[in-house]
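The working numbering puts the first residue of the sequence shown at 113, with every later residue one more than the last.
All residues carry an ideal CB built from backbone N, CA and C; glycine is no exception.
Beneath this line is the structure, given in structure tokens, with notes to follow.
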Amino acid sequence: MKYIFHLDCDAFYASCEELRNPKLKNLPLAVGGLSNKSILTTANYQARKYGLHSAMPVFMAKQLCPDLILLPVDHKYYREKSKEVFSIIKSFTSLMEQVSIDEAYIVVENKNPLIRAKILQNKVFKDTGISISVGISYNKFLAKLASDWKKPHGITMIREDDLDKFLPEISINKVHGIGKKTSERLNKIGIYKVKDLLKLDREYLLDNFGKQGAYIYQVIRGIDKRAVNPNRLRKSIGKERTFTQNTKEPKILDSYLRNLSELIEDEMQIKDIQAKTVNLKIKDENFHTRSKAITLQEPIYKAKDIYKEAKKLLADLYDGESLRLIGISLSKLSKRDLNQLSFL
Numbered sequence: 113m114k115y116i117f118h119l120d121c122d123a124f125y126a127s128c129e130e131l132r133n134p135k136l137k138n139l140p141l142a143v144g145g146l147s148n149k150s151i152l153t154t155a156n157y158q159a160r161k162y163g164l165h166s167a168m169p170v171f172m173a174k175q176l177c178p179d180l181i182l183l184p185v186d187h188k189y190y191r192e193k194s195k196e197v198f199s200i201i202k203s204f205t206s207l208m209e210q211v212s213i214d215e216a217y218i219v220v221e222n223k224n225p226l227i228r229a230k231i232l233q234n235k236v237f238k239d240t241g242i243s244i245s246v247g248i249s250y251n252k253f254l255a256k257l258a259s260d261w262k263k264p265h266g267i268t269m270i271r272e273d274d275l276d277k278f279l280p281e282i283s284i285n286k287v288h289g290i291g292k293k294t295s296e297r298l299n300k301i302g303i304y305k306v307k308d309l310l311k312l313d314r315e316y317l318l319d320n321f322g323k324q325g326a327y328i329y330q331v332i333r334g335i336d337k338r339a340v341n342p343n344r345l346r347k348s349i350g351k352e353r354t355f356t357q358n359t360k361e362p363k364i365l366d367s368y369l370r371n372l373s374e375l376i377e378d379e380m381q382i383k384d385i386q387a388k389t390v391n392l393k394i395k396d397e398n399f400h401t402r403s404k405a406i407t408l409q410e411p412i413y414k415a416k417d418i419y420k421e422a423k424k425l426l427a428d429l430y431d432g433e434s435l436r437l438i439g440i441s442l443s444k445l446s447k448r449d450l451n452q453l454s455f456l
């Protein structure tokens, strides 16, 4: 029987740093900017016990965890470790879709998927030192949900008979197809969990959310027909952050722009893609959203170039008000010609 595995590296950037310096293993550690007005990219599980999380301002993280060890981000090193991890994973399957620097879907045909997952998990850890969590199911949505169930270093399987156990209590923002905007709309009518969403009929979702509503109706009932596709080229790649506290501090906003640009480059490097259009989105404290885009003559993929264009867009768009969210997305994507770019 065929299964879909979702493989997710546990606290990946922090785990890479612990590998480089094993003495840090059981200490609260975060990776990110070093100044108080920069932000965390990620935190290890020791630091998360203090309430630390990605995109948290450094000054706030230090208040919660005075003994925090903070290290600068080393994206080149993380991409190298990612290649090690996913080359091993690829050897276990004929079909792998890597969706980011630290996660992928694979198709596995095996009578004993739990045993196969354990063998793969052990192999990755033994050969690279990186811990992964594995979710197993019959579609992408449920496999991803399962991989998050027993982190870190967990293996979880969701069968069709398990839907009533796993789905009703999960937050709607964990449902594939429900973004921040849709989540906020649903919250306004008292929908916070899947069990609330299941009470809405298909017609209501179609009338209010169109094709997206039809997909949501299916996916919360365990139906997701998306295939594992190694060659899938998305229409856009983006990252956004909702701030822990609303801010208009220029250095903090700049830190978010840098962080988002670096995360987007990681994904573009992994997938060997480039983009011609950069879009910046901001949301103020009154929940008003504005965005502005620029289409370039030549495609880009490097963080420094993404940041440069995003900073220009912010200067045009921002009037000094307090913000609660900032996001960067890139579109007009194409595959990079690696032979042509090898001299760069």
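Annotation for ASP319: the continuous alpha helix (DSSP H) segment containing it runs 314-331.
In the three-state reduction of the DSSP assignment, GLU397 falls in the coil class. By the Cβ neighbour-count rule, SER147 is exposed, with fewer than 16 other Cβ atoms within 10 Å of its own. ARG338: not part of any alpha helix (DSSP H); DSSP gives it neither H nor E. Judged by their CB atoms, LEU141 and LEU207 are not nearer to each other than the 9 Å cut-off. Exposed is the label assigned to ASN138, since fewer than 16 other Cβ atoms lie within 10 Å of its Cβ. Rounded to whole angstroms, the gap between the alpha carbons of PRO280 and LYS307 is 4 Å. Nearest to TYR368 by C-alpha distance, out of CYS177, VAL390 and THR354, is THR354.
Look at GLU281 here: in three-state DSSP terms it is coil, with no helix or strand label. Residue ARG436 holds the alpha-carbon nearest to the alpha-carbon of ASP396 among ASP366, ILE406, ARG436 and ILE213. Assigned with DSSP and collapsed to three states, GLU361 falls in coil, not helix or strand. Distance from the Cα of CYS121 is smallest, within the candidate group GLY145, THR154, VAL287 and LEU429, for THR154. Beta-bridge analysis with DSSP links PHE117 to ILE218 and ILE248. According to the DSSP secondary-structure assignment, GLN210 is paired through a beta bridge with ALA216. Sorting TYR189, VAL219, PRO184 and LYS188 by C-alpha distance to the C-alpha of ILE201 places VAL219 at the top.
Between ASP276 and the set LYS300, GLY334, TYR304 and ILE244, the nearest pair of CA atoms involves GLY334.
Collapsing the DSSP output to three states places LEU182 in a strand. Taking 9 Å as the cut-off, the Cβ atoms of ILE116 and SER249 count as close. Under the 10 Å beta carbon count, ILE349 is surrounded by 16 or more other beta carbons and is classified as buried. Spanning the alpha carbons of LYS351 and ASN234 requires a straight line of approximately 31 Å. Counting the other CB atoms within 10 Å of its CB gives PRO362 a total below 16, which places it among the exposed residues.
Selection ALA427, ILE418 and SER150 evaluated against PRO184 yields SER150 as nearest (Cα-Cα).
One alpha carbon belongs to GLU192, the other to ILE418, and they sit about 21 Å apart. For the pair ILE438 and LEU318, the CB atoms are not nearer than the 9 Å cut-off. Distance from the CA of TYR162 to the CA of GLN381, rounded to the nearest whole angstrom, comes to 33 Å. One alpha carbon belongs to LYS360, the other to GLU296, and they sit about 23 Å apart. In the three-state DSSP reduction, ARG346 falls in the coil class, being neither helix nor strand.
Between the alpha carbons of GLU129 and LYS300 lies a distance of about 41 Å.
Annotated as distal: LYS383 and LEU392, with beta-carbon spacing of 9 Å or more. Non-local beta-carbon contacts of PRO411 in its own chain, meaning distances under 7 Å to residues more than five positions away in sequence, involve GLN386, ALA387, LYS388 and SER446 in chain order. Listed as beta-bridge partners of ILE151 by DSSP are PRO169.
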